[in-house]
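Report on the structure given below.
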Amino acid sequence: MVFIDPNFRQVKILVVGDVMLDRYWRGDIKNISSEMSVPVMQVNAIEEYPGGAANVAMNIATLGSRSKLIGLIGVDEFAKELKRKIVEAHVEHDLIPVINCPTINKLRIISHNQQILRLDFEHYFSKNDALSIFYRVQCILSDFDILVLSDYAKGSLGYIDDIISFARRIGIPILVDPKGSDYSRYRGTTVLTPNLLEFESVVGQCTNECMLIQKGMEILVDYEISALLITRSEQGMILLRLGAKPVYFPSQAKVVCDVIGAGDTVIAVLAVSLSSGNTIEESCLLASFAASVVIGKFGTSTVSSTELCKVMRATR
0 MVFIDPNFRQ VKILVVGDVM LDRYWRGDIK NISSEMSVPV MQVNAIEEYP
50 GGAANVAMNI ATLGSRSKLI GLIGVDEFAK ELKRKIVEAH VEHDLIPVIN
100 CPTINKLRII SHNQQILRLD FEHYFSKNDA LSIFYRVQCI LSDFDILVLS
150 DYAKGSLGYI DDIISFARRI GIPILVDPKG SDYSRYRGTT VLTPNLLEFE
200 SVVGQCTNEC MLIQKGMEIL VDYEISALLI TRSEQGMILL RLGAKPVYFP
250 SQAKVVCDVI GAGDTVIAVL AVSLSSGNTI EESCLLASFA ASVVIGKFGT
300 STVSSTELCK VMRATR
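According to numbering that gives the first Met the number 0, the sequence shown holds residues 0 to 315 in order.
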């Protein structure tokens with residue numbers, strides 16, 4: 000059984016990447032509009048949560064660790080709400096305002112716990128915008144135990160290769176949640192955590208387990224990555240490393256309500272656990288339990304040490 004370190008508060012983790020605000024309008028569909036023959040929903044609740052890299056930082060803070068968040072935001076009401084939420088959760092932040100750009104936000108329309116529609120309000124940040132992130136990382140990274148890079152392909156990590164090179168040079172482990180088909184950007188990463196869909200978008204469809212493992216090993220070699228953790232929904236997770244047998248982590252989920260943000264929780268728990276001295280295998284197991292907690296909740300969620308202990312005791 001994994002040892003859950005009671006000294007999580009001593010762990011310091013820097014989270015860098017694409018931040019956003021996840022918004023939810025919840026209600027009931029009452030009838031059909033006579034105007035355009037479309038459903039009419041009475042909105043009963045409006046909820047807003049930090050998302051993307053901000054959700055990673057929130058998960059780390061909920062576990063009792065110190066997290067600092069660096070990212071790009073607009074100059075608008077969504078930026079104010081995002082900062083208010085993360086400050087309430089005791090997340091330190093250096094959110095850099097970009098003039099004439101909206102704060103990335105996603106609005107999900109929910110009825111009877113079913114997502115009907117998602118509206119994305121976003122902007123792809125320029126390399127010049129991303130340069131300010133790289134400068135800030137250089138200034139403070141040595142004060143942290145581990146670096147988490149949360150890539151949602153919105154441009155905040157335009158200098159991710161330089162950030163990774165700098166982190167390696169000063170001996171800071173790097174965890175990356177990737178996006179897109181160019182994994183050369185993540186060369187030298189300590190742990191890469193794609194989901195199966197993201198992984199297959201890079202290597203092609205894996206029709207069997209042997210092919211999955213072979214393609215994963217090729218990624219490790221080609222891009223000098225130390226470990227690859229592929230998350231596979233109900234199939235659980237698989238950990239691949241050169242010179243080691245694949246390690247499987249079955250899904251611990253009893254109920255699946257919503258998978259939004261599960262990847263954020265996985266990488267957050269990995270970071271906290273590894274920084275606390277647990278092995279990569281122990282940390283992956285802990286992350287699988289954490290994922291089972293958050294996918295049992297509706298909407299963007301976090302997991303606490305108390306919840307982790309409870310779900311782990313229940314599986315003994």
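The beta carbon of each residue, even a glycine, is placed where N, CA and C say it ideally should be.
Item	Value
By DSSP, does residue 140 sit in helix, in strand, or in coil?	helix
Are the segment 20-31 and the segment 104-111 touching by the rule of at least three beta carbon pairs closer than 8 angstroms?	yes
Provide the residue(s) that pair with residue 92 in DSSP beta bridges, ordered along the chain.	68
Do you know offhand how far residue 137's Cα is from residue 130's?	11 angstroms
Considering just the uninterrupted stretch of the alpha helix (DSSP H) at residue 226, what are its terminal residues?	Unbroken run through residue 226 is the beta strand (DSSP E), 226-230; no alpha helix (DSSP H).
Which of the three DSSP states is assigned to residue 107 in this structure?	strand
Would you mind listing the alpha helix (DSSP H) stretches within the segment 127-191 that are 4+ residues and don't spill past its ends, in chain order?	159-168
Under three-state DSSP, which class holds residue 62?	coil
In this structure, does DSSP put residue 54 in helix, strand or coil?	helix
Can you name, in chain order, every residue of its own chain whose Cβ lies under 7 angstroms from the Cβ of residue 183, other than the five neighbours on each side?	222
Verify whether the separation of the beta carbon atoms of residue 126 and residue 92 is less than 9 angstroms.	no
Using the rule of at least 16 other Cβ atoms within 10 Å of the residue's Cβ for burial, across every protein chain shown, is residue 86 buried or exposed?	exposed
Which term fits residue 102, buried or exposed, when burial requires 16 or more other beta carbons within 10 angstroms of its beta carbon?	buried
Among 300, 141, 212, 148, whose alpha-carbon lies nearest the alpha-carbon of residue 243?	212
Return the residue from the list 116, 265, 175 that minimises the CA-CA distance to residue 232.	265
Since residue 46 contacts residue 298 with CB under 8 angstroms, what's their CB separation in whole angstroms?	7 angstroms
Return yes when the Cβ of residue 226 is within less than 9 angstroms of the Cβ of residue 190, no when it is not.	yes
Report the partner residues of residue 234 according to the DSSP bridge assignment.	Answer is none; residue 234 lacks a bridge partner.
Within 8 angstroms, do at least three Cβ pairs link the segment 9-21 to the segment 71-83?	yes
For residue 295, which of 260, 274, 277 has the nearest alpha-carbon?	260
On the criterion of 16 or more Cβ atoms from any shown chain inside 10 Å, does residue 179 qualify as buried, or is it exposed?	exposed
Rounded C-beta distance between residue 300 and residue 250? I'm assuming under 8 angstroms.	Actually they are not in contact, since the Cβ atoms of residue 300 and residue 250 sit about 17 angstroms apart, beyond 8 angstroms.
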